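Peer 1: Sending over a structure as C-alpha cells; questions will come in a sec.
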Amino acid sequence: MKYFLLSLFMFSALHAAPLPQDVDETLLKNTMIYLYRWVLDEEDVGRVFDQQDLSFWVKELSPELDEGDNSRMILIWFPQLELAVSMRKADYEIPELDIKVQNKTFEVSNILRGVPPENPEGFAVVDIPYEDLEAHAFETRADAKYPEGEFLQALRDASATHLQAHFEGRNQDFPEGEQVVYFSPLSDVSNDLWVFWETGGKLLQLSSDMDLEDSLLWTKKGIRLHVFDIKEQTVVHLNEVAGSNAYMTRDQVGRYLFNCLVLGKRVVFQHGVPQP
Numbered sequence: 016m017k018y019f020l021l022s023l024f025m026f027s028a029l030h031a032a033p034l035p036q037d038v039d040e041t042l043l044k045n046t047m048i049y050l051y052r053w054v055l056d057e058e059d060v061g062r063v064f065d066q067q068d069l070s071f072w073v074k075e076l077s078p079e080l081d082e083g084d085n086s087r088m089i090l091i092w093f094p095q096l097e098l099a100v101s102m103r104k105a106d107y108e109i110p111e112l113d114i115k116v117q118n119k120t121f122e123v124s125n126i127l128r129g130v131p132p133e134n135p136e137g138f139a140v141v142d143i144p145y146e147d148l149e150a151h152a153f154e155t156r157a158d159a160k161y162p163e164g165e166f167l168q169a170l171r172d173a174s175a176t177h178l179q180a181h182f183e184g185r186n187q188d189f190p191e192g193e194q195v196v197y198f199s200p201l202s203d204v205s206n207d208l209w210v211f212w213e214t215g216g217k218l219l220q221l222s223s224d225m226d227l228e229d230s231l232l233w234t235k236k237g238i239r240l241h242v243f244d245i246k247e248q249t250v251v252h253l254n255e256v257a258g259s260n261a262y263m264t265r266d267q268v269g270r271y272l273f274n275c276l277v278l279g280k281r282v283v284f285q286h287g288v289p290q291p
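Following the numbering used here, the residues of the sequence shown are numbered contiguously, the last one being 291.
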C-alpha cells in the first residue's frame, strides 16, 4: 500500500487534471458520507481506517445524450476502496409536463465495485485527510433534513395510493388504526428516499431525477414509490433471484432500516392526519 501511494503521488504530481466545474471538496466529502451511511461495510472501512488520506479520482464523462439534454456526468474512483461512483447533474426538459429538470448539484446515479485504473491519468486527484472526513461528518450530524410541509403531505398521499394498490393486488385489506412510519434523511448528493412503514412491515423507495425538494416533483410530475415487502422480498444474495430487481439483500435491508430507524424521523399517521 505504501508503494502504491508513493507511486500515485509521483504520478498525480506530473499528470494532475483540474477538477470538473461544480465539483469541490464539500461535494466529495458529502459523497463519502453518503457511501459511509448507505454502502460501505466493515471490510471497506478497515481498508482505509489506518490511512492518513483518502484519495478521490475525479473526471467528467461525455456520454451520448438525447437532443436538448444538457445533463453532465462525473465519475469518482475511490482506489483504496476499489469502488467507483457515477454522478449526474440533470438538465433537461419534459415538454409534455412543461417541466425543466435541473439538479442543483451532482447526484449519485450508480455505484460499482471493481479494480481501479492502474493510474489516474485523465483524472483530477484529490487527497483528503481521513480525520477531516470524520470531522465533517461530526459537524454536519445535526444538519439532517426530512420531508416537511407540502412534500410530506404529497409523500403521505402517494404512499397511501401505492400501498392500497399493493394490498389490492394481493386481495388484502389495508390495516386500520395508527400507522407508524420512519423517513430516512434527505441527502445532499442523492435523490433517493427510503420510508419504513413499521405498522405493515414494508419499505418504500422514492427515486427521482428531480431534486426531491423541488415542488414540481409532487405538483406536476408526481411521486412514484416502489413497495418492498421485507419478509417476502429479502434474500441473502441477489444471485438467488438473478434477473429480478424486485428483491433486496439482507445487508441492504439492514442499511435501509438503520437510516430510517436510527438516523431517520418517526411520523404517526392517524385517520389520514400526520402527527409528528
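Cβ atoms here follow ideal geometry from the backbone N, Cα and C, with glycine treated the same way. All values derive from a computational prediction rather than experimental measurement.
Quick test of your reading: residue 219 and residue 253, contact by CB under 8 Å. State the CB separation rounded to the nearest angstrom.
Peer 2: In the sequence shown, the residue the question calls residue 219 occupies position 204. In the sequence shown, the residue the question calls residue 253 occupies position 238. About 20 Å separates the two Cβ atoms, so there is no contact after all.
Peer 1: So what does DSSP say about residue 144, is it helix, strand or coil?
Peer 2: Residue 144 sits at position 129 when you count from the first residue of the sequence shown. Residue 144: strand per DSSP, three-state reduction.
Peer 1: Say whether chain D places a C-beta atom closer than 8 Å to the C-beta of residue 264.
Peer 2: Given the protein chain composition of this structure (a single chain), no chain D is represented.
Peer 1: Along the chain, where does the alpha helix (DSSP H) that runs through residue 259 open and close?
Peer 2: Here residue 259 refers to the residue found at position 244 when the sequence shown is read from its first residue. No alpha helix (DSSP H) holds residue 259; DSSP gives it neither H nor E.
Peer 1: Let me know the secondary structure DSSP gives residue 280 once reduced to three states.
Peer 2: Within the sequence shown, residue 280 is the residue found at index 265, counting from 1. In the structure shown, residue 280 sits in a strand (DSSP, three-state: E or B).
Peer 1: Find out if the Cβ-Cβ distance for the pair residue 91, residue 64 is shorter than 8 Å.
Peer 2: Within the sequence shown, residue 91 is the residue found at index 76, counting from 1. Within the sequence shown, residue 64 is the residue found at index 49, counting from 1. Their beta carbons are not under 8 Å apart, which means residue 91 does not touch residue 64 by this criterion.
Peer 1: Which residue from 109, 188, 217, 181 puts its Cα closest to that of residue 195?
Peer 2: Indexing the sequence shown from 1 puts residue 195 at position 180. Comparing Cα positions, the closest option is 217.
Peer 1: Just to confirm my understanding: we take residue 125, look at its own chain, exclude 5 residues before and 5 after, and list those with CB closer than 7 Å. What are they?
Peer 2: Looking up residue 125 in the sequence shown gives position 110. Same-chain partners within the cutoff: 101.
Peer 1: Considering only their Cβ atoms, is the gap separating residue 199 from residue 279 smaller than 8 Å?
Peer 2: Indexing the sequence shown from 1 puts residue 279 at position 264. Indexing the sequence shown from 1 puts residue 199 at position 184. A contact, by the Cβ cut-off of 8 Å.
Peer 1: Go ahead and pull the three-state DSSP assignment for residue 48.
Peer 2: Locating residue 48 in the sequence shown gives position 33, counting from the first residue. Residue 48: helix per DSSP, three-state reduction.
Peer 1: Just mark residue 41 as buried or exposed, buried being the case when its beta carbon has 16 or more other beta carbons within 10 Å.
Peer 2: Along the sequence shown, read from residue 1 onward, the residue named residue 41 stands at position 26. Exposed is the call here.
Peer 1: Evaluate residue 204 with the Cβ neighbour count: other Cβ atoms within 10 Å of its Cβ, from every protein chain shown; 16 or more gives buried, anything less gives exposed.
Peer 2: For the purposes of this step, residue 204 is taken as the residue at position 189 of the sequence shown. Looking at its Cβ environment, which holds 16 or more other Cβ atoms inside 10 Å, residue 204 is buried.
Peer 1: To test your reading of the DSSP string, which unbroken beta strand (DSSP E) runs of 3 or more residues are found completely within the segment 209-272?
Peer 2: Inside the segment 209-272, DSSP marks whole beta strand (DSSP E) runs of 3 or more residues at positions 217-222, 240-244, from first to last along the chain.
Peer 1: What does the Cβ neighbour count give for residue 46, buried or exposed, with the cut at 16 atoms within 10 Å?
Peer 2: Residue mapping note: residue 46 aligns to position 31 of the sequence shown, counting from 1. By the neighbour-count rule (16 or more Cβ atoms within 10 Å), residue 46 is buried.
Peer 1: Can the beta-carbon of residue 109 be found closer than 8 Å to that of residue 43?
Peer 2: Translated into the one-based positions of the sequence shown, residue 109 becomes position 94. Translated into the one-based positions of the sequence shown, residue 43 becomes position 28. No. Outside cutoff.
Peer 1: Alpha carbon to alpha carbon, how far is residue 177 from residue 5? Give it in angstroms, no decimals.
Peer 2: Here the chain covers residues 16 to 291 and nothing more, so residue 5 does not appear.
Peer 1: When burial is assigned at 16 or more other CB atoms within 10 Å of the CB, is residue 274 buried or exposed?
Peer 2: The residue given as residue 274 occupies position 259 in the sequence shown. So residue 274 counts as buried.
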